[in-house]
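J.: Numbering (our numbering), first residue to last: 113 to 433. Backbone N, C-alpha and C define an ideal beta-carbon position, used for all residues, glycine too.
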């Protein structure tokens, strides 16, 4: 059996952090108390989380000359960057406000992440899992997802639609090729409203939102859905049923939530990889899924008690200490 290996087709960014007392409001000018530059991009963040969780992972993306340091940084952490290209444009950037209460807001400049890299005719047979986000060209995401199902055996596909695709992109998305959809509650609501063309009331329970999403004609009912709920934990919907896993108990205060979602996603994918290495079937029972989710929320719980994004992601060993 091929050892599990994940291909992350995703973004790499120079993350620029501005620490503020409160997130800036429209028309307001405020002072920042601290400035930092760090490695980021959802592709890079999630690839690092997979590596720190013990998974084999390759990142496929692009940077400009000003982002070569990102390649070296990720290699040192354990992410394979053989498929990261250096192209003639600026590296992507994220301007991140981090408030004293740990909340954040982010403005993205895609830069090299939107550089049109050559598309393959097939995916390398080494890969067992494919992880996608929405910070690179949407056409590339679609192509890689379709190619994942042309392999024998098919590659397990995971999509984290952040930022949320446009209405047109959602309509074009090949949902039938997707095994796992990972969203937060806001993303689940937005997708549901786009696919059903109905407004979702603010207090609608997440179980109802996910049920509506699954019933949408354009959505594929066999796609498993993982919805993170912040301090309320995580809701999972599969063909075997639904489960809710509470958030991890925190030993200290919430400091920075910026990397929590990517940390959760990476650990979850690493859990899927570990399961596929130990089982003949890739189908998860609810108890097996619950175990993976508990590990993932525990990792995210450690993450929010630290500053930064990649720097805040724990190793698998830290979860057992």
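Label residue 158 either buried or exposed according to how many other C-beta atoms from any shown protein chain fall within 10 Å of its C-beta, with 16 as the threshold for buried.
T.: That one is buried.
J.: Between which two residues does the beta strand (DSSP E) harbouring residue 118 extend?
T.: Per DSSP, residue 118 belongs to the beta strand (DSSP E) from 117-121.
J.: Whose C-alpha, out of 326, 282, 397, 120, is nearest the C-alpha of residue 196?
T.: Here the closest residue by C-alpha is 120.
J.: Is the distance from the Cβ of residue 126 to the Cβ of residue 171 below 9 Å?
T.: In this structure, residue 171 does not lie closer than 9 Å to residue 126 by Cβ.
J.: Just to confirm my understanding: we take residue 289, look at its own chain, exclude 5 residues before and 5 after, and list those with CB closer than 7 Å. What are they?
T.: Excluding positions up to five away in sequence, the list reads 257, 258, 260, 261, 269.
J.: For residue 397, which of 351, 328, 347 has the nearest alpha-carbon?
T.: The shortest Cα separation from residue 397 among 351, 328, 347 belongs to 351.
J.: I'd like the list of long-range same chain contacts for residue 235, defined as Cβ closer than 8 Å, with 5 residues on each side in sequence excluded.
T.: Only 119, 242, 256, 259, 260, 262, 263, 267 meet the Cβ criterion.
J.: I think residue 416 touches residue 376, with their Cβ atoms under 8 Å apart; what is that distance to the nearest whole Å?
T.: About 10 Å separates the two Cβ atoms, so there is no contact after all.
J.: Taking only the alpha-carbon atoms, compute the straight-line gap between residue 388 and residue 160 and give it to the nearest angstrom.
T.: Each residue's alpha carbon lies about 20 Å from the other.
J.: Have a look at 422, 361, 209, 423 and flag the residue whose alpha-carbon is nearest the alpha-carbon of residue 407.
T.: Considering only alpha carbons, the answer is 361.
J.: Where does residue 154 land, buried or exposed, given buried means 16+ other C-beta within 10 angstroms?
T.: It counts as buried.
J.: Rounded C-beta distance between residue 133 and residue 206? I'm assuming under 8 Å.
T.: Contact flag wrong, Cβ pair sits at about 20 Å.
J.: Go through its chain and collect everything with a Cβ distance to residue 358's Cβ below 7 Å, but skip five positions before and after it.
T.: Within the same chain, residue 358 has close Cβ partners 345.
J.: In the structure shown, what three-state DSSP assignment does residue 376 receive?
T.: Three-state result, residue 376: helix.
J.: Can you grab the Cα-Cα spacing for the pair residue 198 / residue 124, in whole Å?
T.: When rounded, the distance between both Cα atoms is 11 Å.
J.: Name the residue from 237, 229, 318 whose alpha carbon lies nearest to the alpha carbon of residue 253.
T.: The candidate whose alpha carbon is nearest that of residue 253 is 229.
J.: Between the segment 317-325 and the segment 363-372, are three or more C-beta pairs nearer than 8 Å?
T.: The segment 317-325 is not in contact with the segment 363-372.
J.: Going along the chain, which residues of its own chain have a beta-carbon closer than 6 Å to the beta-carbon of residue 427, five neighbours each way excluded?
T.: Closer than 6 Å at the Cβ level, and outside the excluded window around residue 427, lie 164.
J.: Which residue or residues does DSSP assign as beta-bridge partners of residue 271?
T.: Partner(s): 244, 293.
J.: Okay, do the segment 269-289 and the segment 144-153 touch, 3+ Cβ pairs below 8 Å being the bar?
T.: No: fewer than three Cβ pairs fall under 8 Å.
J.: Would the beta-carbon of residue 400 fall within 9 Å of that of residue 116?
T.: For residue 400 and residue 116, no; Cβs fall outside 9 Å.
J.: Among the residues of its own chain, which have a CB less than 8 Å from the CB of residue 302, if the five just before and after it don't count?
T.: Within the same chain, residue 302 has close Cβ partners 276.
J.: May I ask you to verify whether the segment 291-298 touches the segment 323-337, counting CB pairs closer than 8 Å and requiring at least 3?
T.: The segment 291-298 vs the segment 323-337: in contact.
J.: Out of 328, 248, 309, point me to the one whose CA is closest to residue 287's CA.
T.: The candidate whose alpha carbon is nearest that of residue 287 is 328.
J.: In angstroms with no decimal places, state the Cα-to-Cα distance between residue 80 and residue 355.
T.: There is no way to answer for residue 80, as the model of the chain reaches only from 113 to 433.
J.: In angstroms, rounded to a whole number, what distance separates the CA positions of residue 274 and residue 433?
T.: So the two alpha carbons sit approximately 32 Å from each other.
J.: What did DSSP end up calling residue 362 once you bin it into helix, strand or coil?
T.: It is coil, neither helix nor strand.
J.: Quick one: what's got a C-beta closer than 6 Å to residue 128's C-beta in the same chain, skipping five residues either side?
T.: 149, 207, listed in sequence order.
J.: Could you tell me if residue 142 is buried or exposed, where buried requires 16 or more neighbouring beta carbons within 10 angstroms of its beta carbon?
T.: Residue 142 should be labelled exposed.
J.: Tell me which same chain residues have a C-beta within less than 7 Å of the C-beta of residue 177, skipping the five on either side of it?
T.: Within the same chain, residue 177 has close Cβ partners 198.
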